[in-house]
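**Student:** Those protein sequences? They're chains V, D and H, same order as listed.
The first sequence runs 280 to 649 under this note's numbering.
The second sequence runs 12 to 319 under this note's numbering.
The third sequence runs 360 to 729 under this note's numbering.
Where is the CB? At the ideal position from N, CA and C, for every residue including glycine.
In this text the structure is predicted, and so the values were computed from the model without any measurement.
Here's a structure for you.
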Amino acid sequence: MTTDAAEGGVEAAGVAPAADVGFLQRYGASIEYILIPAAALIGALAVFGLFVAMYGKNPLDLYFYMYYGAFGTWFSWQNTLTRAAPLILTALCTALPAQLGMVIIGGEGALLIGALSATAAALAMQGAAPIVVQIAMVIAGVIGGGLWITLSGALRQYRGVNETISSLLLVYIGLAILNHLVEGAMRDPASLNKPSTREIGAANMIGTIPGTDVHWGLVFGLVAAIASYILIYHTTFGFAARVAGGNIRAAKIVGLGVGKLILTICFLAGACAGLAGMIEVAAVQGRTNANLAAGYGFTGILVAFLARQNPLAIIPVAILLGGISASGGLLQRRLGLPDASVLVLQGIIFVFVLASDALYGRIGFLKGKS
Amino acid sequence: MADPSIGLWTVPLAVFGGAIRVSTPFLFVSLGECITERSGRINLGLEGTLVMGAMSAYGISYLSGSPWLGVLAAGITGALLGALHAGICSLPRVNDVAVGIALMLFGTGLAFFLGKPLIEPTAPRLPAIDFGWWSDIPQVRAALRINVLFLIGVAIAPLLFWAFKTTRWGLLIRTAGESSDAARAMGHSVLLIRLRATMVGGFLAGIGGSFLSLFYPGSWNEGLSSGQGITAVALVIFARWDPLLCLWASLAFGGAAALGPALQSVGVTSGYHLFNAAPYILTLAIMIITCSPKRTLTGAPAELSITR
Amino acid sequence: MDFGRISRRHLLQGGAALAAGSALGLRGAMAAETTIGFIYVGSRDDYGYNQAHAQGAAALKKLPGLKVVEEEKVPETDAVEKTIESMINLDGASLLFPTSFGYYNPHMIKMANKFPKLRFEHCGGLWSEKDPKNAGSYFGYIDEAQYISGIVAGYSSKSGKLGFVAAKPIPQVLRNINAFTLGARLANPKATTQVIFTGDWSMPVKEAEATNSLIDQGVDVLTCHVDGPKTMVENAARRGAMVCGYHVNQSPLAPKAYLTGAEWNWEALYPKFVKMIAAGETIPNFYRGGLKEEIVKTSPYGEAVSAEARKHADDIKAKFLSAEGYAIFKGGLVDNKGKTVIAAGTDRGQKDPELEKMDYLVEGVLGATS
């Protein structure tokens with residue numbers, strides 16, 4: 280990513296001067312980072328509109344309802360933000376390892392294990408002050424999720440097992456463990472037709488941000504995203520990670536402990552997803568059951584890639600995707616489109632954004648050419 | 012009729028039958044992926060291709076009345092998705108793993124979108140060939156009612172093994188996978204080779220999908236693939252990019268998937284969730300045992316992004 | 360393109376609908392255009408659970424003055440809360456049917472508290488005094504229909520071995536398995552039911568494998584309790600076994616193999632609810648019933664059902680329909696571990712809350728609950 284920007288800058292410096300070339304020289308690369316994804320998004324929306332038109336619906340209606348359902352009213356905004364909250368955290372589970380050049384797609388598994396650990400902690404501490412229980416839940420969720428992804432990191436570091444595949448397999452294994460415990464050892468006998476653990480208790484729930492319906496998970500997500508950004512771009516540790524991500528051999532030559540980097544980053548990544556799981560329990564469900572496997576981990580992968588693995592960019596992208604899923608219901612109800620329209624649109628956006636990677640440093644006018 | 016029950020023999024028989032019934036999609040996807048990866052590119056999108064293949068096969072079979080046309084349609088759909096993958100990947104600086112994930116989402120979404128009206132109708136299915144005529148035991152006969160797609164898959168595996176080794180075509184694919192510079196030096200377009208390899212891979216994965224909807228379980232619905240496509244991609248890695256090992260790995264997988272229900276049917280009931288996760292645990296275990304941090308995987312194409 | 364004007368026009372329409380909706384909500388009674396929202400957890404044409412509800416919704420669409428809005432594949436997370444709110448805020452829905460079990464607690468309860476003037480009707484939940492008064496739960500004693508299926512299955516099986524493909528060992532499912540088995544043993548005291556749990560509500564490959572394993576064990580009549588019975592019905596019929604359906608009538612899928620089936624009768628119940636509201640009556644918060652109350656029904660007998668079986672099944676059906684009713688779970692009931700689960704002399708009638716907690720499999724069932 281950074282090399283692309285540098286390349287663009289260098290090329291911009293080498294061309295004939297135009298009236299505003301100074302501005303473009305300085306900001307050309309940054310403008311690209313906004314312009315290209317925006318163009319990709321518009322292109323994707325146009326293709327999706329065409330697709331819907333072939334299905335016999337008016338694309339203008341489509342765009343209107345998408346806007347209306349996602350951002351058109353205060354309610355729509357809250358709907359969007361609520362859906363964005365877990366996505367920020369699960370996206371970090373993919374974005375952080377990506378700094379090291381690793382592709383982790385098992386955030387869903389870490390979310391489930393994080394939720395399970397947080398619930399176990401809360402149930403073990405019934406009777407303690409709510410704030411104590413909540414802190415214990417955060418710690419348990421972070422450790423549970425963190426260790427789950429660390430497992431993929433360790434397998435890669437010590438056994439050479441591909442982390443993309445192992446993290447995905449661990450999703451299915453994590454889900455089996457959750458179901459096994461929820462229907463067995465951790466089952467609340469009173470949870471009759473929906474096997475669940477006992478409830479963590481209303482007092483221990485973390486509630487919503489005052490004046491809104493949006494739970495505190497959004498704030499957790501924002502803090503984690505900003506902290507990750509600072510960690511990656513403004514600390515020595517982050518610098519080392521990016522060096523290792525660029526070239527493992529070079530990192531080894533300059534004496535970076537790549538193993539330690541991999542394990543630490545994987546732990547942090549899993550911790551974010553585990554935190555998302557803890558929040559689903561503490562802010563939404565109040566207990567652990569199979570409902571937690573709602574696919575947030577998988578949508579998070581999409582968010583991370585669309586944000587080009589940049590922790591700050593994850594925030595607007597998560598809101599965008601939260602908006603798309605918030606408007607999905609309206610598309611079903613008003614336009615009679617199938618629920619899968621949301622998946623199709625996400626897929627098209629993803630394809631366009633990836634294909635647009637080829638454009639960086641190649642847009643004529645940003646280089647100062649006329 | 013004698014007592015039709017065969018008691019505990021159900022388990023090995025179910026695992027054997029399951030190996031045949033459940034393995035076919037794995038087999039086709041892994042063989043397809045094997046070709047693609049040998050050319051130096053990974054296509055994680057085959058999960059989407061599989062689902063899209065299942066949907067289009069069912070749809071065409073329903074509309075035309077011919078399941079074989081459905082199989083062909085699934086293959087063509089798969090090849091088109093493969094071309095899309097290869098097309099995007101041929102742009103500079105585009106990551107093939109990410110494109111795969113995008114196409115997984117796109118393929119699945121499109122299949123669900125277009126497949127809505129197909130959930131209810133019943134489409135003509137592929138016929139089975141009865142290989143169990145020699146047996147008096149109905150269970151054995153049932154296990155040996157084999158679809159010809161399985162046999163085609165079994166035949167493709169050695170064929171591919173041979174083709175990679177001895178044909179010019181196989182050599183080209185391997186060259187593109189080992190060193191794109193070498194392929195270029197020989198005067199071939201690496202992108203074109205990979206385009207073809209990805210399209211053939213998609214074609215096979217699409218056919219794997221048609222088996223799901225047209226033979227076993229034999230109807231279209233949205234829960235049809237529980238990750239078979241992506242698991243098959245994992246399978247290629249532990250099969251060391253060897254088509255013959257892909258065949259054995261697929262069979263082992265199918266058998267593992269049949270284990271959970273079969274054990275319950277003879278009374279082993281505790282921990283069925285864990286037994287159901289057996290295929291995933293098995294894959295992970297085999298990967299842990301067979302991988303090594305010290306050397307690059309034997310047989311791994313050098314150009315492949317995930318093994319570098 | 361003039362997006363502005365289109366948006367304004369739509370916005371005005373949307374706003375008008377919103378105003379009308381809330382006004383209706385405040386009035387509470389059914390007025391000229393009442394909007395009813397249906398939420399499904401899966402596809403509404405799954406030949407199963409969701410389709411049964413969608414058939415009920417379709418019956419409402421035929422009534423004058425009603426508008427039905429539907430959304431499918433809504434997960435059991437806060438997404439369903441947002442869907443409910445969206446139906447209320449953007450579509451003006453005043454009566455809501457979230458039809459999946461996992462929607463009830465905490466999601467629908469939360470929404471019922473938030474919108475005290477609107478009516479919420481949940482399928483399957485267990486409403487209790489502590490829940491909001493504007494929320495209700497309804498369900499059908501479908502085990503009555505399963506009992507009838509069991510009788511037919513008992514006569515039709517040559518091997519005396521029946522099979523049951525089930526999702527999870529929860530009370531509603533166990534009750535069906537037990538009722539089916541007790542019915543079968545009425546016809547053939549030696550009959551047994553082998554049960555296989557697949558682990559989740561929609562797992563086509565597992566369901567097909569379970570079907571094959573059962574038939575390999577000598578089972579020749581099968582039924583199931585999963586969301587979409589299509590896989591079991593088709594695969595069993597292909598192997599020459601006979602089937603009893605579930606949720607809706609699956610006889611078109613296997614006309615020769617289909618004996619009978621236990622079906623929901625939502626298309627009778629939902630219009631009844633709407634008429635009660637229109638007449639100013641209150642729907643009981645806890646609403647249950649079986650064959651007599653027309654909440655469940657049995658599929659017409661298939662051609663393979665013998666005259667003897669028809670007569671016996673019809674006799675028992677007549678008892679269910681009679682004023683004094685009929686108890687499936689009679690005193691002296693022994694489970695498959697030899698333990699007496701209902702003491703001799705105390706018949707447990709359908710409405711007995713103890714039955715809602717069922718955690719055993721009766722004598723004659725091969726399988727275990729964990």
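1. Quick one: is the Cβ of His96 (chain D) within less than 7 Å of any heavy atom of the ligand NAP?
2. How big is the Cα-Cα spacing for Phe518 (chain V) and Pro489 (chain V)?
3. Measure the beta-carbon distance from Trp486 (chain H) to Gly495 (chain H) and round it to whole angstroms, keeping in mind my assumption that it falls under 8 Å.
4. Under 8 Å, Cβ to Cβ, is there at least one residue of chain V near Pro530 (chain H)?
5. Checking contacts by CB at 8 Å: is Asn287 (chain D) closer than that to chain H?
6. Considering Cα atoms alone, identify which of H:Gly483, H:Lys489, H:Ser459, H:Ile447 is closest to Lys476 (chain H).
7. If you measure between the beta carbons of Lys589 (chain H) and Leu573 (chain H), is that distance less than 8 Å?
8. Would you mind reading off the limits of the beta strand (DSSP E) that contains Gly499 (chain H)?
9. Can you find the residues in the same chain that come closer than 7 Å, C-beta to C-beta, to Ala418 (chain H), ignoring five residues on each side of it along the sequence?
10. Do the stretch 617-626 of chain V and the stretch 109-124 of chain D make contact, defined as three or more Cβ pairs closer than 8 Å?
11. With DSSP as the reference, label Phe142 (chain D) as helix, strand or coil.
12. Do you know offhand how far Gly581 (chain H)'s Cα is from Thr119 (chain D)'s?
13. Could you list the residues in the stretch 421-452 of chain H with a C-beta less than 8 Å from some C-beta on chain A, going in chain order?
14. Between Ile544 (chain V) and Gly500 (chain V), what straight-line distance do the alpha-carbon atoms span, to the nearest angstrom?
15. Roughly how many whole angstroms lie between the Cα atoms of Leu614 (chain V) and Trp356 (chain V)?
16. Which residue or residues does DSSP assign as beta-bridge partners of Gly475 (chain V)?
17. With Arg647 (chain H) as the anchor, note down where its beta strand (DSSP E) starts and where it stops.
18. If you draw a straight line from the C-alpha of Pro563 (chain H) to the C-alpha of Ser224 (chain D), how long is it?
19. For Leu720 (chain H), write down the residues that DSSP places opposite it in a beta bridge.
20. Short of 7 Å in beta carbon distance, which residues of its chain neighbour Arg386 (chain H), apart from the five on each side in sequence? Order them along the chain.
21. Candidates D:Ala25, D:Gly28, D:Gly51: which alpha carbon is nearest Leu182 (chain D)'s?
22. Looking only at its chain, what residues have a beta carbon closer than 8 Å to the beta carbon of Tyr10 (chain D), apart from the 5 residues adjacent to it on each side?
23. Pick out whichever of H:Lys678, H:Ala668, H:Tyr506 has its Cα sitting closest to the Cα of Gly604 (chain H).
24. According to DSSP, is His199 (chain D) part of a helix, a strand, or is it coil?
25. By Cβ distance, which residues of its chain are closer than 7 Å to Glu715 (chain H), with the 5 residues on each side in sequence left out?
26. Can you tell me whether Thr177 (chain D) is buried or exposed, with buried defined as 16 or more other CB within 10 angstroms of its CB?
27. Can you pull the chain V residues whose beta carbon is under 7 Å from the beta carbon of Phe460 (chain H), in chain order?
28. Which chain H residues are close to Ala573 (chain V), counting only those with a beta carbon under 8 Å from its beta carbon?
29. Smallest Cα separation from Ala153 (chain D): which of D:Ala168, D:Ala193, D:Phe27?
30. Using a Cβ cut-off of 8 Å (strictly closer), state whether Gln413 (chain V) contacts chain H.
31. Hey, quick one: how far does the alpha helix (DSSP H) through Glu58 (chain D) stretch, first residue to last?
32. Tell me Ala452 (chain H)'s beta-bridge partners as DSSP assigns them.
33. So which of H:Lys432, H:Lys469, H:Arg478, H:Ala471 has the shortest CA-CA distance to Ser459 (chain H)?
34. Contact defined as beta carbons within less than 8 Å: I believe Ser396 (chain V) pairs with Ala419 (chain V). What is the distance between those atoms, to the nearest angstrom?
35. Have a look at the DSSP bridge pairing and note the partners of Asp694 (chain H).
36. Tell me, please, whether the CB atom of Thr619 (chain H) is closer than 8 Å to any CB atom in chain D?
**Tutor:** Walking through what the data contain:
1. Looking at this structure, you won't find the ligand NAP or any other ligand, since it has none at all.
2. On the first sequence, residue 518 (chain V) is found 239 positions in, with the first residue counted as 1. On the first sequence, residue 489 (chain V) is found 210 positions in, with the first residue counted as 1. Cα to Cα, the separation comes out at about 38 Å.
3. Locating residue 486 (chain H) in the third sequence gives position 127, where the first residue counts as 1. Locating residue 495 (chain H) in the third sequence gives position 136, where the first residue counts as 1. Correct: roughly 6 Å between the Cβ atoms.
4. By one-based count along the third sequence, residue 530 (chain H) stands at place 171. Flagged as an interface residue toward chain V: Pro530 (chain H), by a C-beta distance shorter than 8 Å.
5. Numbered from its first residue, the second sequence carries residue 287 (chain D) at position 276. Yes - at least one Cβ of chain H is within 8 Å of the one on Asn287 (chain D).
6. Walking along the third sequence from the start, residue 476 (chain H) turns up at place 117. Checked all of H:Gly483, H:Lys489, H:Ser459, H:Ile447; the closest Cα to Lys476 (chain H) is H:Ile447.
7. Residue mapping note: residue 589 (chain H) aligns to position 230 of the third sequence, counting from 1. Residue mapping note: residue 573 (chain H) aligns to position 214 of the third sequence, counting from 1. No, they are not a contact pair.
8. Locating residue 499 (chain H) in the third sequence gives position 140, where the first residue counts as 1. Start and end: 494-499.
9. As a working mapping, residue 418 (chain H) is identified with position 59 in the third sequence. Cβ neighbours of Ala418 (chain H) beyond the five flanking positions: Glu626, Tyr629, Pro630.
10. Contact between the stretch 617-626 of chain V and the stretch 109-124 of chain D is present, because at least three Cβ pairs lie under 8 Å.
11. To locate residue 142 (chain D), count along the second sequence from 1; it is residue 131. In the structure shown, Phe142 (chain D) falls within a coil segment according to DSSP collapsed to helix, strand and coil.
12. On the third sequence, residue 581 (chain H) is found 222 positions in, with the first residue counted as 1. On the second sequence, residue 119 (chain D) is found 108 positions in, with the first residue counted as 1. Here the sequence assigns Leu to residue 581 (chain H), which means Gly is not the residue at that position. In a straight line, the C-alpha of Leu581 (chain H) is about 32 Å away from that of Thr119 (chain D).
13. No chain A appears in this structure, whose protein chains are V, D and H.
14. As a working mapping, residue 544 (chain V) is identified with position 265 in the first sequence. As a working mapping, residue 500 (chain V) is identified with position 221 in the first sequence. Approximately 17 Å, taken between the alpha carbons.
15. Position 335 of the first sequence, counted from the start, is the residue given in the question as residue 614 (chain V). Position 77 of the first sequence, counted from the start, is the residue given in the question as residue 356 (chain V). Between Leu614 (chain V) and Trp356 (chain V), the C-alpha separation is close to 21 Å.
16. As a first step, residue 475 (chain V) must be located in the first sequence, where it is residue number 196. Sequence check: residue 475 (chain V) is Ser here, not Gly. DSSP, once it has assigned bridges, lists V:Asn568 as partnering Ser475 (chain V).
17. The residue given as residue 647 (chain H) occupies position 288 in the third sequence. Taken as a continuous stretch (DSSP letters only), the beta strand (DSSP E) holding Arg647 (chain H) covers 645-648.
18. Working through the third sequence from its first residue, we reach residue 563 (chain H) at position 204. Working through the second sequence from its first residue, we reach residue 224 (chain D) at position 213. Inter-residue distance for Pro563 (chain H) and Ser224 (chain D) is about 10 Å (C-alpha atoms, whole angstroms).
19. Indexing the third sequence from 1 puts residue 720 (chain H) at position 361. Leu720 (chain H) is not bridged by DSSP to any residue.
20. For this step, residue 386 (chain H) is matched to residue 27 along the third sequence. Here Arg386 (chain H) scores only 41 on pLDDT, less than 50, and its place in the model should not be relied on; the value that follows carries that caveat. Excluding its 5 nearest sequence neighbours in each direction, Arg386 (chain H) has no C-beta neighbour in its own chain below 7 Å.
21. Walking along the second sequence from the start, residue 182 (chain D) turns up at place 171. Distances from the alpha-carbon of Leu182 (chain D) to those of D:Ala25, D:Gly28, D:Gly51 put D:Gly51 closest.
22. Residue 10 (chain D) is absent from the model: chain D starts at 12 and stops at 319.
23. On the third sequence, residue 604 (chain H) is found 245 positions in, with the first residue counted as 1. Closest by alpha carbon: H:Tyr506.
24. Residue 199 (chain D) sits at position 188 when you count from the first residue of the second sequence. DSSP places His199 (chain D) outside both helix and strand once states are collapsed to three, so it counts as coil.
25. The residue labelled residue 715 (chain H) in the question sits at position 356 within the third sequence. Excluding residues within five positions, the ones whose Cβ falls inside 7 Å are Leu485, Pro530.
26. Residue mapping note: residue 177 (chain D) aligns to position 166 of the second sequence, counting from 1. So Thr177 (chain D) ends up on the exposed side.
27. What you label residue 460 (chain H) is simply residue 101 of the third sequence in a count that begins at 1. In chain order: Asn472, Lys473.
28. As a position in the first sequence, residue 573 (chain V) is number 294, starting the count at 1. Within chain H, the residues Pro434, Glu435, Thr436, Ala438 have their CB atoms less than 8 Å from the CB of Ala573 (chain V), given in chain order.
29. Working through the second sequence from its first residue, we reach residue 153 (chain D) at position 142. Closest by alpha carbon: D:Phe27.
30. Reading the first sequence from its first residue, position 134 is the one you call residue 413 (chain V). It does not; no Cβ of chain H falls within 8 Å.
31. If you number the second sequence from 1, residue 58 (chain D) lands on position 47. Glu58 (chain D) -> alpha helix (DSSP H) spans 57-75.
32. Translated into positions along the third sequence, residue 452 (chain H) becomes position 93. When beta bridges are read from the DSSP output, Ala452 (chain H) appears opposite H:Thr394.
33. In the third sequence, the residue the question calls residue 459 (chain H) occupies position 100. Of H:Lys432, H:Lys469, H:Arg478, H:Ala471, the residue nearest in Cα terms is H:Lys432.
34. As a first step, residue 396 (chain V) is located in the first sequence; it is residue number 117 there, counting from the start. As a first step, residue 419 (chain V) is located in the first sequence; it is residue number 140 there, counting from the start. 4 Å between Cβ atoms; contact.
35. Counting from one through the third sequence, the residue named residue 694 (chain H) turns up at place 335. Paired residue(s): H:Val721.
36. In the third sequence, residue 619 (chain H) corresponds to position 260, counting from 1. No, because no Cβ of chain D sits closer than 8 Å to the Cβ of Thr619 (chain H).
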